[in-house]
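>
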Amino acid sequence: MHNERYEELLALHALGALGGVEPELEQHLEEGCEICEKLLGELRQSAALLAFSVPALRPRPELRAQVLAALGPARIDAPATEAQLLPRRTRWWLAAAAAAVLLFIADHTRLTVQRDRLQGELAGTRSRLVVAEGEAARRAQTSAGAADLAARLRSAEADLARRDLRVRVLESDDIRMLFLGGQDPQPGARAKVFWSETAKRGIVVAANLQPLPADRQYQLWVFDQGKPVDAGVFDVDTAGRALVESRDLAGITAAQNFAVTVEPRGGMPQPTGPIVLVGTPAA
Amino acid sequence: MALQPDPDRGLIARIERRDGEALASLYDRYSSRLMGLAFRILGETGEAEEVVQEVFIWVWRAASSFDGGRGTVLAWLLVATRSRSIDRLRTRGPALRAGVRSLEESPEPVSRQDVESDAAGRQWQQICRDAIRELPEDQRRALELAYFEGLTQQEIAERTASPLGTVKTRVRLGLMKLRERVRPYRKGQADA
């Protein structure tokens with residue numbers, strides 16, 4: 001029984017356009033109808049003419065290298081991995097994750113270098129402090145210069161404490177880095193917070209912040225249990241950069257998020273000004 | 284017209300033995316053809332390249348699945364390219380799917396000129412194009428919707444606002460005419 005009905009079904013089957021199972025056709029083919037098998041093969045060949053009719057189009061030259069690279073480091077032995085066959089969107093996320101890992105590694109390296117440098121500076125500052133203390137002791141009898149030395153001593157002590165804090169935060173085992181993104185008033189602003197949950201202290205490295213009027217300051221907030229807690233105020237240099245340490249935040253439970261607002265100089269107990277930076281801590 | 288015998292089966296055998304150079308040769312021979320088909324279906328260069336990459340990696344892994352008794356290597360590659368492209372197309376929304384146009388509606392941009400370099404390949408391509416162009420418009424349209432957009436008979440009927448029975452007839456007549464049109468040339472070249 002080879003009529004138009006079968007030809008129609010076979011033609012649709014050859015194109016993959018049946019849209020479902022045709023029990024009648026399935027059974028007929030299973031019964032081993034050679035005529036229909038042959039016709040189906042020919043119709044499939046005919047359908048393939050559509051593919052042959054399409055103009056060739058050269059891919060980007062880089063694709064060849066990508067394909068060959070995907071065979072594995074040893075092209076002779078290694079079949080492609082599933083990861084190399086992932087859809088583009090998945091690969092994009094993987095690439096983003098890889099980039100994040102690289103960024104983390106770069107930052108970790110930079111942090112290590114920074115830590116080492118700070119440790120060196122700390123040792124130097126301690127030495128200078130010892131010298132300053134000795135000098136202060138020697139000149140303590142002399143009123144002239146005593147005030148200056150005291151000021152230098154206070155400055156050196158503050159410097160030492162700040163650097164000590166930086167080292168403590170940066171050396172902590174649980175240090176993590178969080179990105180803060182610029183918000184509408186200053187969309188180009190950006191910052192990183194290096195936060196130690198055990199030390200309950202953070203170091204903020206900010207850039208692209210606008211200089212503020214003399215009566216204004218940037219204020220860092222840490223969100224604890226959904227509520228903002230004052231983490232200190234800071235100014236930026238003429239290039240809009242800042243490197244500041246948060247104040248002691250031992251009273252908070254956990255840092256959930258960070259934000260920076262513009263507030264009256266000296267800071268406010270609660271945020272009142274526009275948010276210029278905000279981030280989300282990693283889980 | 285005397286058409287060349289399929290010269291690619293040796294490459295497939297070498298690929299089965301994990302010969303990367305053979306895969307590179309196969310890529311050089313056919314990546315443009317596969318890219319053309321993937322682009323024709325997907326209408327987007329980046330995704331088309333992903334399909335091409337997938338196909339060649341699949342060949343590397345599954346070269347042993349090639350059955351020389353069923354057709355040429357190129358036909359095998361084209362089927363793989365088409366099925367992967369259609370799979371991607373089906374994950375898109377209807378609006379994007381509808382954006383895929385027929386050959387006549389989307390002339391190739393100058394920058395995307397046909398890069399078929401093989402003389403026999405060009406000749407065969409022209410034969411196929413002529414055969415398709417000679418089809419009545421409604422038959423050609425039905426075949427293209429099925430082949431390049433992966434539409435089912437019901438979907439073709441909806442798209443063309445035609446009765447289902449009419450669509451079936453158009454598909455049958457179109458494919459049968461193509462079969463007759465290229466029968467004199469078919470010596471393995473179009474085997475699928």
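These protein sequence lines are chains A and B, in that order. So for the first sequence, my numbering puts the first residue at 1; every next one is plus one. So for the second sequence, my numbering puts the first residue at 284; every next one is plus one. Using N, Cα and C, we set each Cβ at its ideal position, and we do this for glycine too. A quick note: this is a predicted structure, and the numbers were derived from the prediction, not measured.
#1: Who does A/W221 pair with in a DSSP beta bridge?
#2: At least one CB of chain B closer than 8 Å to the CB of A/V54: is that the case?
#3: By how many angstroms is the C-alpha of B/A402 removed from the C-alpha of B/D291?
#4: Run through chain A and tell me which residues come within less than 7 Å of B/W359, C-beta to C-beta.
#5: Please classify A/A242: does DSSP put it in a helix, a strand, or coil?
#6: In the structure shown, what three-state DSSP assignment does A/A214 receive?
#7: Counting along the chain, where does the beta strand (DSSP E) carrying A/L180 start and finish?
#8: Can you look up B/S368 in the DSSP assignment and give me helix, strand or coil?
#9: Would you say A/A14 reaches chain B, if we count a Cβ-Cβ gap shorter than 8 Å as a contact?
#10: Taking the C-alpha atoms as reference points, what is the distance between A/L277 and A/T253?
#11: What residues of chain B sit near A/L49, judged by a beta carbon separation below 8 Å?
#12: Could you check which residue in A/Q225, A/L50, A/A69, A/I203 has the C-alpha nearest to that of A/F234?
#13: Please confirm if B/T443 has its CB atom under 8 Å from at least one CB of chain A.
#14: Where does the unbroken alpha helix (DSSP H) through B/A425 begin, and where does it stop?
#15: Output yes if chain A places a C-beta closer than 8 Å to the C-beta of B/I295; else output no.
#16: Would a C-beta distance cut-off of 8 Å place A/N208 and A/G181 closer than the cut-off?
#17: Which of the three DSSP states, helix, strand or coil, is assigned to A/F52?
#18: Since I believe B/L294 is in contact with B/S308 (beta carbons under 8 Å), could you give me their beta-carbon distance rounded to a whole number of angstroms?
#19: Counting only Cβ pairs nearer than 7 Å, list the residues of chain C close to A/A239.
#20: Could you pull the start and end residues of the alpha helix (DSSP H) that B/S445 belongs to?
#21: For B/L426, go through chain A and note every residue whose CB falls closer than 8 Å to its CB, in chain order.
#22: When the cut-off is 8 Å and only beta carbons count, does B/E327 lie next to chain A?
#23: Show which residues of chain A have a CB atom less than 9 Å away from the CB atom of B/T435.
#24: What residues of chain B sit near A/R64, judged by a beta carbon separation below 8 Å?
#25: So with Cβ pairs under 8 Å, would you call B/Y430 a contact of chain A?
#26: Quick check on B/E332 - is its C-beta less than 8 Å from some C-beta in chain A?
#27: Put B/V335 into one of helix, strand or coil per three-state DSSP.
#28: Can you round the beta-carbon distance between A/D174 and A/T198 to whole angstroms, since I take them to be within the 8 Å contact cut?
#29: Assess, as a yes-or-no matter, whether the region 260 to 280 of chain A is touched by the region 330 to 339 of chain B under the definition of 3 or more beta carbon pairs within less than 8 Å.
#30: B/T449 versus chain A: which residues are under 8 Å apart at the beta carbon?
#31: How far does the alpha helix (DSSP H) with A/R5 in it reach, from first residue to last?
#32: How would you call A/D77, buried or exposed, if buried means at least 16 neighbouring beta carbons within 10 angstroms?
#33: Mapping DSSP to helix, strand and coil, what is A/V236?
#34: Less than 8 Å separating the beta-carbons of B/W343 and A/L243?
#35: Name the chain A residues that come within less than 7 Å of B/R365, Cβ to Cβ?
#36: Exposed or buried, A/A259, counting other C-beta atoms within 10 Å across all chains shown (16 or more means buried)?
According to the structure shown:
#1: For this step, residue 221 of chain A is matched to residue 221 along the first sequence. Paired residues: A/D230, A/A259.
#2: Locating residue 54 of chain A in the first sequence gives position 54, where the first residue counts as 1. Taking Cβ atoms only, chain B reaches closer than 8 Å to A/V54, which makes this a yes.
#3: Within the second sequence, numbered from 1, the residue matching residue 291 of chain B stands at position 8. Within the second sequence, numbered from 1, the residue matching residue 402 of chain B stands at position 119. Rounded to whole angstroms, B/D291 to B/A402 spans 16 Å at the Cα level.
#4: Working through the second sequence from its first residue, we reach residue 359 of chain B at position 76. Neighbours of B/W359 on chain A: none; closest Cβ ~10 Å, over 7 Å.
#5: On the first sequence, position 242 is the one that residue 242 of chain A refers to. Note: A/A242 maps to strand in three-state DSSP.
#6: To locate residue 214 of chain A, count along the first sequence from 1; it is residue 214. In the structure shown, A/A214 sits in coil (DSSP, three-state: anything other than H, G, I, E or B).
#7: Locating residue 180 of chain A in the first sequence gives position 180, where the first residue counts as 1. Unbroken beta strand (DSSP E) run through A/L180: 176 to 182.
#8: Position 85 of the second sequence holds residue 368 of chain B. In this structure, B/S368 counts as helix in the three-state DSSP scheme.
#9: On the first sequence, residue 14 of chain A is found 14 positions in, with the first residue counted as 1. Yes, its Cβ sits closer than 8 Å to a Cβ of chain B.
#10: By one-based count along the first sequence, residue 277 of chain A stands at place 277. By one-based count along the first sequence, residue 253 of chain A stands at place 253. Rounded to the nearest angstrom, the two C-alpha atoms are 22 Å apart.
#11: Position 49 of the first sequence, counting from 1, holds the residue named residue 49 of chain A. Within 8 Å Cβ-Cβ: C411, A414, I415, L461, V465, A473.
#12: Taking the first residue of the first sequence as position 1, residue 234 of chain A is located at position 234. When each option's Cα is compared against that of A/F234, the closest is A/I203.
#13: Translated into positions along the second sequence, residue 443 of chain B becomes position 160. Judged by the 8 Å Cβ criterion, B/T443 is not in contact with chain A.
#14: Along the second sequence, one-based indexing puts residue 425 of chain B at 142. Per DSSP, B/A425 belongs to the alpha helix (DSSP H) from 420 to 432.
#15: To locate residue 295 of chain B, count along the second sequence from 1; it is residue 12. It does not: the Cβ of B/I295 has no partner Cβ on chain A nearer than 8 Å.
#16: Counting from 1 along the first sequence, the entry for residue 208 of chain A is found at position 208. Counting from 1 along the first sequence, the entry for residue 181 of chain A is found at position 181. Result no, Cβ atoms of A/N208 and A/G181 do not sit closer than 8 Å.
#17: Numbered from its first residue, the first sequence carries residue 52 of chain A at position 52. Residue state, collapsed to three classes: helix.
#18: Locating residue 308 of chain B in the second sequence gives position 25, where the first residue counts as 1. Locating residue 294 of chain B in the second sequence gives position 11, where the first residue counts as 1. B/S308 to B/L294, Cβ: 6 Å. Contact.
#19: Absent from the structure: chain C. Protein chains present are A and B.
#20: As a first step, residue 445 of chain B is located in the second sequence; it is residue number 162 there, counting from the start. Note, B/S445: premise wrong, no alpha helix (DSSP H); not H, not E.
#21: Against the second sequence, residue 426 of chain B aligns to sequence position 143. Simply L15, A47, L50.
#22: The residue given as residue 327 of chain B occupies position 44 in the second sequence. It does not; no Cβ of chain A falls within 8 Å.
#23: Against the second sequence, residue 435 of chain B aligns to sequence position 152. Within 9 Å Cβ-Cβ: L12, G16, A17, L18, G19, G20.
#24: Along the first sequence, one-based indexing puts residue 64 of chain A at 64. Per Cβ cutoff of 8 Å: A307, Y310, D311, S314.
#25: Locating residue 430 of chain B in the second sequence gives position 147, counting from the first residue. Yes, B/Y430 lies at the interface with chain A (some Cβ there is under 8 Å from its Cβ).
#26: Taking the second sequence and counting its residues from 1, the one referred to as residue 332 of chain B is at position 49. Taking Cβ atoms only, chain A reaches closer than 8 Å to B/E332, which makes this a yes.
#27: Taking the second sequence and counting its residues from 1, one reaches residue 335 of chain B at position 52. DSSP places B/V335 in helix when its eight states are reduced to three.
#28: The residue you call residue 174 of chain A lines up with position 174 of the first sequence. The residue you call residue 198 of chain A lines up with position 198 of the first sequence. The pair is a contact, with the Cβ atoms about 5 Å apart (cut-off 8 Å).
#29: no
#30: Start at 1 with the first residue of the second sequence, and residue 449 of chain B comes out as number 166. Near B/T449 there are no residues of chain A at all, since even the closest Cβ is about 11 Å away, more than 8 Å.
#31: If you number the first sequence from 1, residue 5 of chain A lands on position 5. Counting along the chain, the alpha helix (DSSP H) containing A/R5 begins and ends at 4 to 15.
#32: Indexing the first sequence from 1 puts residue 77 of chain A at position 77. Note that A/D77 scores a pLDDT of 42, beneath 50, so its modelled location is shaky and nothing firm can be said.
#33: For the purposes of this step, residue 236 of chain A is taken as residue 236 along the first sequence, with counting starting at 1. Coil.
#34: Start at 1 with the first residue of the second sequence, and residue 343 of chain B comes out as number 60. Start at 1 with the first residue of the first sequence, and residue 243 of chain A comes out as number 243. Their beta carbons are not under 8 Å apart, which means B/W343 does not touch A/L243 by this criterion.
#35: Position 82 of the second sequence, counted from the first residue, corresponds to residue 365 of chain B. Chain A residues near B/R365: A51.
#36: Taking the first residue of the first sequence as 1, we reach residue 259 of chain A at position 259. So A/A259 ends up on the buried side.
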